[in-house]
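So the number in the working numbering is just where the residue sits in the sequence shown, counting from 1, plus 1.
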Amino acid sequence: MSQSAHHTSSFLSLTLASIAAASFAPALSPSLAAQGTVAASRTAAAPAPESVAAQELPVVGAVKPFHRVLQGPSNPLGIAVPVAETIVFDTGAWLQMGFADAVLVGGSFVEITSLVDGDTQRLTEADFAGGVGQSAYFNGNAVRLRLWAGSMAPAPSLRIADLAVGHGAWLPPATICGTADNRVLGARAASARLIIKKGTSTYICSGWLVSTKNGFATAGHCLSGTISALTAQFNVPNSTSSGSMVNPPASSQYSWISSSRRYVDGGAGNDYGVFRTNQSAGLWPYQRQGSRFTTGAPAVGTTYTRHGFGSASGTRNFAAKYHSGACSSISSYRIYFNTLDSTGGDSGSVYYRGTVAYGVHTHGGCTATGGANSGTSVRHPTFASYISSVQN
Numbered sequence: 002m003s004q005s006a007h008h009t010s011s012f013l014s015l016t017l018a019s020i021a022a023a024s025f026a027p028a029l030s031p032s033l034a035a036q037g038t039v040a041a042s043r044t045a046a047a048p049a050p051e052s053v054a055a056q057e058l059p060v061v062g063a064v065k066p067f068h069r070v071l072q073g074p075s076n077p078l079g080i081a082v083p084v085a086e087t088i089v090f091d092t093g094a095w096l097q098m099g100f101a102d103a104v105l106v107g108g109s110f111v112e113i114t115s116l117v118d119g120d121t122q123r124l125t126e127a128d129f130a131g132g133v134g135q136s137a138y139f140n141g142n143a144v145r146l147r148l149w150a151g152s153m154a155p156a157p158s159l160r161i162a163d164l165a166v167g168h169g170a171w172l173p174p175a176t177i178c179g180t181a182d183n184r185v186l187g188a189r190a191a192s193a194r195l196i197i198k199k200g201t202s203t204y205i206c207s208g209w210l211v212s213t214k215n216g217f218a219t220a221g222h223c224l225s226g227t228i229s230a231l232t233a234q235f236n237v238p239n240s241t242s243s244g245s246m247v248n249p250p251a252s253s254q255y256s257w258i259s260s261s262r263r264y265v266d267g268g269a270g271n272d273y274g275v276f277r278t279n280q281s282a283g284l285w286p287y288q289r290q291g292s293r294f295t296t297g298a299p300a301v302g303t304t305y306t307r308h309g310f311g312s313a314s315g316t317r318n319f320a321a322k323y324h325s326g327a328c329s330s331i332s333s334y335r336i337y338f339n340t341l342d343s344t345g346g347d348s349g350s351v352y353y354r355g356t357v358a359y360g361v362h363t364h365g366g367c368t369a370t371g372g373a374n375s376g377t378s379v380r381h382p383t384f385a386s387y388i389s390s391v392q393n
């Protein structure tokens, strides 16, 4: 148990108060805790053309072990009723939970509500069966979980396995081209902020929708390592004046399908990956966003826009930002931009014109006096095949 206080309460609705000794411990289903550790398909990495480090991923939160079981009685009534409740809180700007051992048959579900802004998410047996093993990210430091038993349903139960808590971001070095950050606030419907849980920390990357369903592209180094959960967020609000990131509604957040991960983390010009997500509130990402990127061949001298969610000061921190500039050179499948600013969190962001993507941002290199930021062209044969595999 962490040093933070956690409060729990269980209750039965008044309609169930007269039911005698209905509660029992159900047989728990196989654990969902390892759903994010499925082995990724990976291509052998080629040597990097230059010894330039990939854009560093900002740490925005801590992941803590957590154990809380929510369990209620069977329901003999013809309507769904709440049978158990718990309040989870911690010191931090936001909360997210990883789940295991879910038993939600017969129309039972868990309802999660932020006590700060009232945003609510409902997870059902179908969600867990499809691989949703975690909640959305909720603003504030307290959420309520309410377990509902479906009509005539057997006893439901759910275990909270870990807790992610947001804190002030450690800001990695910026790779600004020149002396001023020229990125401008602005949303892009097919561009998503990625929150990635690895080990005891959460990190920020960017990604972009490449299918008319649920396929995304991003940087390979964003997908490397042991990831316990990845969430793609659309319609991201600006951060607070102090730079604390704000989460969009749960309906605009999509948990990944871990087995769909394919990536190469092979250095500059050989850094890319793809993945798919589950539905959120009954819709695929494209159904809600109505936009995606196709792909095209980049050309030197052509002006492209890069859209991502990199770090910055104040309300711009990890909010949607864009910047346009000409491609300065291309070497094999590495594309260079000596005018496009980037910071940590922009890894995985898209270089595009209109609705056509030309590359993924992966590496810094710009300074106040020169250099260039760079990424991998979508014409890289393996990257192109990966994108094709998640387009339908």
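Built from N, CA and C at the ideal position, the CB exists for glycine as well.
On a predicted model such as this, the values are computed, not experimentally measured, just so you know.
Asked                                                                                                                      : Found
Continuous beta strand (DSSP E) assignments of at least 3 residues falling wholly in the segment 117-201                   : 121-125, 143-150, 158-171, 192-199
Residue span of the alpha helix (DSSP H) that contains G221, given as start and end                                        : 221-224
Through-space distance from V106 to F25, alpha-carbon basis                                                                : Below a pLDDT of 50, predicted positions are generally treated as unreliable, and F25, at 27, falls in that range; no measurement from the model is reported.
First and last residue of the uninterrupted beta strand (DSSP E) at A320                                                   : It is not in any beta strand (DSSP E) - A320 carries neither H nor E in the DSSP assignment.
A358 versus L58: straight-line alpha-carbon distance, rounded                                                              : 22 Å
Whether H364 touches S350 by CB criterion (8 Å)                                                                            : no
Rounded C-alpha distance that separates I161 from F100                                                                     : 5 Å
8 Å Cβ cutoff met for Q72 and S136                                                                                         : no
Sequence ranges, alpha helix (DSSP H) only - wholly within the segment 331-386, length at least 4                          : none
Local Cβ density within 10 Å of P174, reported as buried at 16 or more and exposed below that                              : exposed
DSSP-derived helix/strand/coil call for A251                                                                               : helix
DSSP three-state assignment for R277, whether helix, strand or coil                                                        : strand
Beta-carbon contacts of T356 that lie in its chain and below 8 Å, excluding the five residues immediately before and after : A191, S292, R293, F294, T295
Segments of 3+ residues assigned as beta strand (DSSP E) that fall wholly inside the segment 41-111                        : 60-72, 82-90, 95-104
Proximity to G297 [Cα-Cα], best of Q280, P250, Y352                                                                        : Y352
Proximity to L231 [Cα-Cα], best of V237, C223, P238                                                                        : C223
Other residues of its chain near P382: CB distance less than 8 Å, five sequence neighbours each side excluded              : none
The segment 269-278 contacting the segment 251-260, beta-carbon criterion three pairs below 8 Å                            : yes
Q288 - containing alpha helix (DSSP H), residue span                                                                       : 286-290
Strand pairing of G283, partner residues [DSSP]                                                                            : G283 pairs with nothing; no bridge assigned.
Closest Cα partner of L124 within the set S261, G108, D118                                                                 : G108
Local conformation of G315 per DSSP, three classes                                                                         : helix
Which listed residue (A320, G79, V391) has its alpha carbon closest to that of V242                                        : Correcting the residue identity first, residue 242 is Ser in this sequence and not Val. For S242, the nearest C-alpha among the options comes from A320.
Beta-carbon proximity of T203 to V64, cut-off 8 Å                                                                          : yes
The segment 76-84 touching the segment 206-221, judged by at least three CB pairs closer than 8 Å                          : no
Per-residue burial, V301 [other beta carbons within 10 Å of its own, 16 or more giving buried]                             : exposed
Helix, strand or coil at S261 according to DSSP, with G and I counted as helix                                             : strand
R293, enclosing beta strand (DSSP E) - first and last residue                                                              : Taken as a continuous stretch (DSSP letters only), R293 belongs to no beta strand (DSSP E), as it is neither H nor E.
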